[in-house]
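The structure appears right after this line, and notes come after that.
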Amino acid sequence: QKEVEQNSGPLSVPEGAIASLNCTYSDRVSQSFFWYRQYSGKSPELIMSIYSNGDKEDGRFTAQLNKASQYVSLLIRDSQPSDSATYLCAVNLALSGGYNKLIFGAGTRLAVHP
Amino acid sequence: KAGVTQTPRYLIKTRGQQVTLSCSPISGHRSVSWYQQTPGQGLQFLFEYFSETQRNKGNFPGRFSGRQFSNSRSEMNVSTLELGDSALYLCASSLGQEGQPQHFGDGTRLSIL
């Protein structure tokens, strides 16, 4: 089982719709979770971090965390073509030496069509 | 505030050579992590440095090494380059406490001929 799993996509949504991106992780004691956006040919850009169960909203983005189910998701409301990118889920695995060893999922490619 | 700066942006090397990549973190950030990104393997953790000490290490061979200087700048060295080392090498910095988010530089694209 991979430590962090994401559906590779592509996830295709129409402009203005809600895009829902999902991620599961294997380490039960992980405490820190991050979503990065990566445009083709560019480096990952941090868009959300979440540490507690529940929802965290930032503009059109909402991150949701459920530690009991080992599940973290990202919702993008009012999706725009400029949101088309690969979204990477990253987990700080507490059992892997601590601190800042981020384990990344393979990424979900999102395509927003006009 | 300046972001993470990586140099050079592009490198072309041949098999057997060695290469050194540089990373300057965001001002005030003491942790620098290095990652390798390839189409097949995705983003993989190489190592993390904090206060000039390697704090974490990924599953890469000893040909991959790094160091951090007192000003938090970091270098990564790859010796005896192989074709499979062709990748985007990314550096990320953070304040260093557990759970602090990491911010990436633009990366160095390394091509091995």
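Which chain is which? The protein sequence lines are A and G, in order. All letters in the first sequence, in the order written, are residues 1 to 114 by the numbering used here. All letters in the second sequence, in the order written, are residues 1 to 113 by the numbering used here. Beta carbons: idealized from backbone N, C-alpha and C, even for Gly. Please read these numbers as outputs of a predicted model, since none were measured by experiment.
Closest residue to residue i among the options (Cα-Cα distance)
{"i": "G:F104", "options": "G:A92, G:I112 and G:P61", "result": "G:A92"}
{"i": "G:S31", "options": "G:F60, G:S79, G:E82 and G:S70", "result": "G:S70"}
{"i": "A:N22", "options": "A:G16, A:V29 and A:N7", "result": "A:N7"}
{"i": "A:F104", "options": "G:V78, G:S74 and G:W34", "result": "G:W34"}
{"i": "A:S49", "options": "A:K101, A:E3 and A:W35", "result": "A:W35"}
{"i": "G:P38", "options": "G:S94, G:Q100, G:E98 and G:S86", "result": "One detail in the question is off: residue 38 of chain G reads as Thr in this sequence, not Pro. Closest option to G:T38, Cα to Cα, is G:S86."}
{"i": "A:I47", "options": "A:V112, A:R60 and A:I18", "result": "A:R60"}
Residue i to residue j span [Cα, whole Å]
{"i": "G:S72", "j": "G:R55", "result": "14 Å"}
{"i": "G:H29", "j": "G:T53", "result": "14 Å"}
{"i": "A:V4", "j": "G:L21", "result": "28 Å"}
{"i": "G:D106", "j": "G:P25", "result": "12 Å"}
{"i": "G:K13", "j": "A:G107", "result": "29 Å"}
{"i": "A:S73", "j": "A:A85", "result": "16 Å"}
{"i": "A:L11", "j": "A:Q80", "result": "13 Å"}
{"i": "A:L102", "j": "G:L83", "result": "26 Å"}
Reduced DSSP category for residue i - H, G, I as helix; E, B as strand; rest coil
{"i": "A:P44", "result": "coil"}
{"i": "G:G58", "result": "coil"}
{"i": "A:D58", "result": "strand"}
{"i": "A:P10", "result": "coil"}
Assigned exposure category for residue i - 16 Cβ within 10 Å defines buried
{"i": "G:L46", "result": "buried"}
{"i": "G:S74", "result": "buried"}
{"i": "G:Q97", "result": "exposed"}
{"i": "A:Y25", "result": "buried"}
Beta-carbon proximity of residue i to residue j, cut-off 8 Å
{"i": "A:V91", "j": "A:S20", "result": "no"}
{"i": "G:V78", "j": "G:V19", "result": "yes"}
{"i": "G:Y89", "j": "G:L113", "result": "no"}
{"i": "G:G16", "j": "G:T80", "result": "yes"}
{"i": "A:Y87", "j": "A:R28", "result": "no"}
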